[in-house]
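Residue numbers (the numbering used here): 34 to 655. For each residue, glycine too, the CB sits at the ideal point set by N, CA and C. Notes follow once the structure below has been shown.
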C-alpha cells in the first residue's frame, strides 16, 4: 500500500492545515481566481503552453515564492513532486537533489539558459545557500532530458531564469531578523521604459545557525537587461553572483571547531533574439561561468589544509526555430563549450575539456489537440568521445481540452568526471577508458485542468533504468573506477495546484519511489519511499493573509555517520506557518515560523536540522 503512512502526518498537521481551509469557507463568496497559465521553455527549448507538453513539468514564479515567504532555492524545490533533497547541515550546508531517484550528480542545473553544473562543477554549495531572487522563475522538467540539454540531465533539469522587466518601474526593500542570530535583507527593482527593460535583485544576510562553528554569511545578486533594437531584433544580458561563507563543523561526532567553506560563483550571459522572417527565428547565447570554492581546515599541531577548486566555463549556444511548415515547429541548434577545472585536493586535477553538440527536434500537431515531439542530439567530447540521445513525447487533450493524456520516452547520460578519468594519488588512479553512465526512461500521466482556470490535478507514473554506472573497484591496487553497476527507479508523482477563489490557494505534492541498485539488489540510499508536501494560503481581508506549509518524509536508508553502517533513517514531519499584514499598499509586515512543531530530525544522518525558529520583517515597495 502507498498511503497508510500518512496517518501520522495527518495527525500532526491536518488540524493546522484544515484551519486555514475552514476559515476560508466562512468568507463571502468571490469570483473564481483567474490564474494565467505560464509559458514553459525548459520542456522543449521553445516557449510552450503547459497544455501542449508531453513532459511532466513544474513551474514556480517569483510571485509564488514571495507569497510563501520562500527565498532559498533549496526550500523552493522542496514543494515539487519527485524532487527530494537533503542538506548536510543547516542553511548554507551542502545540499543534494535526487530528482526521480537519480543520483545527486545526475540532475542538471540550468541558470539563465546555461549549464551551471557538470561532473566537475558542483551545485551543492549553491543549492544549500543561494536565494531565488524576486525576478526569478523556477522550472523543473522531469525525466531524461539529455536530448535537449546534454549530459547529467538524467533525472531531469532544474532551470532558474531571470525574467524580463515589465510595466512601470517599481522597487522594494525588505529586512528580516529572527532566531539563530539571523539578519537578512533584499533589494529589488524592475520595469520597462520604451525599448529597454531591466530587473535587479540583491539579497544578503547572516545566520549563526544552531551549532558551534556553523555561521553562514551570504550575498546574491541578479541583473537582467533587455533592449529592443528594432521589430526583428532583441538583445540583452544577465549577470548572477553568489557568495557564501559557511562554518562547517562536520557531523555531530566530529564537531570541527574551525573548518570553513567559501564559494564565489559568477555567471554572465549575452543573448540575442532575431526574427529572420515571419517563420524563422533564432536565439544565440554567449556566456561564461567562474566558480571558486575554498575549504580551509586548520589542524592541531600541523599545517592548515586548504583545498581550492576552480571551475571556468565558456559557452556558445545557438538555436533556430522554423514554423514555415504547416503544423510543425522545427528546432535545430548547436552548443560549443570549453571548461577547465583545477582541484588541489584529492586527485590533483588540472584538466581541460571541450564539447560540441548538435540537436534537431520537431514539434508536430497532426490534428487539433494532439501534440507530438521527437528529437535527437549528439554530444562530442574530446575526453571520452561521443554520446547520442533521443527523446519523444505525446500529449492529447480531450473532454473539451480539460483533460490531458501524456507520455514521454527518452535516453540520457552522465559524463565521467576529471577525477574519474585522470585523478591520481598514492592509493587511487583514474580510468581513461570509462564510458558515460547511461539511462533510459519513460513516463505516462494525466493532467486535469479545473474550470475557469482554478488549478490543475496531475498524476505521473515513471520508470527509469540505468547502466554503466561508475563505481569504485576495491579489487584493484591502486584503487580505480569502472563501469559496472546497474540501477532502476520507478514511482508515482501526484500533484495539485488549486485556487478556489482569488483569496485561497493550495499546492500539494506526493511521491512514491522505489530505487534499487540492480547489480547488488539493494535499495539506493537517501531515496525516501514516501514524500509529501502541502501548502495552504488564505487572504482574509483587511490586508491580512496566513499560510501553512508541511512536509513529510518516510521510509529511507542512510549511512550512520559514526559506524558507516547502512541504517533505516528516521521519518520526519516539518511544519511552517507564515503571515503578512499590509499596513498600506506600499508597506507590509511579515512573520513566519519554521519547524513549528520543533521536530528533532536529520536530513542526512549526523547533521542535525534546525529547531523551531521565528522570523519577522518588513517590506516597502516604492
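Opposing strand residues paired with residue i [DSSP bridges]
i: residue 504; result: 515
i: residue 470; result: 447
i: residue 564; result: 544 and 586
i: residue 527; result: 492 and 543
i: residue 286; result: Residue 286 is not bridged to any residue.
i: residue 229; result: 226 and 260
i: residue 612; result: 579 and 624
i: residue 533; result: Partner(s): none; residue 533 has no beta bridge.
i: residue 390; result: 368 and 412
i: residue 439; result: 428 and 478
i: residue 148; result: 143
i: residue 294; result: 279 and 328
i: residue 455; result: Residue 455 is not bridged to any residue.
i: residue 221; result: 205 and 234
Residue range of the unbroken alpha helix (DSSP H) whose run includes residue i
i: residue 180; result: 179-182
i: residue 158; result: 157-162
i: residue 195; result: Not the alpha helix (DSSP H): residue 195 falls in the beta strand (DSSP E), residues 189-195.
i: residue 420; result: Per DSSP, residue 420 belongs to no alpha helix (DSSP H); it is in the beta strand (DSSP E), 418-431.
i: residue 96; result: 95-100
i: residue 110; result: 106-110
Candidates the options: closest to residue i by CA position
i: residue 472; options: 184, 374, 310 and 207; result: 184
i: residue 521; options: 305, 187 and 387; result: 187
i: residue 377; options: 341, 404 and 385; result: 341
i: residue 182; options: 164, 146 and 159; result: 146
i: residue 379; options: 366, 459 and 405; result: 459
i: residue 372; options: 625, 81, 609 and 386; result: 386
i: residue 607; options: 587, 594, 116 and 600; result: 587
i: residue 497; options: 267, 630 and 444; result: 444
i: residue 291; options: 321, 557 and 245; result: 245
i: residue 454; options: 143, 311 and 152; result: 152
i: residue 650; options: 611, 189 and 349; result: 611
i: residue 305; options: 414, 269 and 81; result: 269
i: residue 309; options: 214, 267 and 349; result: 267
i: residue 217; options: 95, 110, 569 and 103; result: 103
i: residue 262; options: 601, 307 and 138; result: 307
i: residue 561; options: 567, 604 and 483; result: 604
i: residue 635; options: 609, 559 and 616; result: 559
i: residue 624; options: 632, 240 and 646; result: 646
i: residue 193; options: 105, 248 and 137; result: 105
Run of the beta strand (DSSP E) containing residue i, from where it starts to where it stops
i: residue 650; result: 646-654
i: residue 410; result: 403-414
i: residue 346; result: 338-355
i: residue 324; result: 313-330
i: residue 273; result: 266-280
i: residue 599; result: 599-602
i: residue 118; result: 118-120
i: residue 173; result: 169-175
i: residue 130; result: 128-130
7 Å CB neighbourhood of residue i in its chain, flanking five on each side removed
i: residue 44; result: Any reading at residue 44 needs caution, since the residue's pLDDT is 46, under 50, leaving its predicted position unreliable; the model's value is listed next. Closer than 7 Å at Cβ, skipping near neighbours: no residue.
i: residue 557; result: 134, 520, 548, 549 and 550
i: residue 225; result: 198, 199 and 200
6 Å CB neighbourhood of residue i in its chain, flanking five on each side removed
i: residue 39; result: Confidence in residue 39 is poor, its pLDDT being 44 and thus under 50, which makes the residue's placement unreliable; the coordinate value appears in the next sentence. Answer for residue 39: no residue qualifies.
i: residue 56; result: Note that residue 56 scores 36 on pLDDT, short of 50, meaning its location in the model is unreliable; the coordinates nonetheless yield the value given after this. Hits under 6 Å: none found.
i: residue 614; result: 576, 577 and 622
i: residue 511; result: 460, 461 and 462
i: residue 449; result: 417 and 467
i: residue 393; result: 365 and 409
i: residue 572; result: 536 and 578
i: residue 639; result: 284, 285 and 594
i: residue 400; result: none
i: residue 488; result: 530, 531 and 532
i: residue 656; result: With the chain represented from 34 up to 655, any question about residue 656 goes unanswered, as that position is not in the structure.
i: residue 69; result: Reliability fails at residue 69, whose pLDDT of 48 lies under 50, so the model's placement of it is uncertain and the value that follows must be treated cautiously. For residue 69, where only same-chain residues beyond five positions count, there are no Cβ hits under 6 Å.
i: residue 484; result: none
i: residue 620; result: 653
i: residue 58; result: Legend: pLDDT at residue 58 = 39, less than 50; position of this residue unreliable, no value from coordinates given.
i: residue 98; result: 109 and 165
Nonlocal neighbours in the same chain, by C-beta distance under 8 Å from residue i, ignoring five residues either side
i: residue 128; result: 107, 118, 119, 120, 121, 157, 160 and 161
i: residue 382; result: 153, 374, 375, 376, 451, 452, 455 and 456
Interface flag, residue i vs chain B, CB-CB below 7 Å
i: residue 562; result: No chain B appears in this structure, which consists of one protein chain only.
Is it a yes or a no for the segment 193-213 touching the segment 228-244, going by three-plus beta-carbon pairs under 8 Å?
Segments in contact, yes.
Sufficient close CB pairs (3 or more, under 8 Å) joining the segment 496-513 to the segment 538-545:
Touching, no.
Between the segment 527-538 and the segment 551-558, do three or more beta carbon pairs fall short of 8 Å?
Cβ pair count under 8 Å is below three, so no.
For the segment 174-181 and the segment 414-432, state whether three or more C-beta atom pairs, one from each stretch, are separated by less than 8 Å.
In short, these stretches touch, since the Cβ pair count reaches three.
Should the segment 352-361 be called in touch with the segment 324-335, which here means at least 3 C-beta pairs below 8 Å?
As far as the Cβ criterion goes, the segment 352-361 does not touch the segment 324-335, which means the pair count is below three.
Does the structure place the segment 163-173 close enough to the segment 252-266 that three or more beta carbon pairs sit under 8 Å?
Short answer: they touch.
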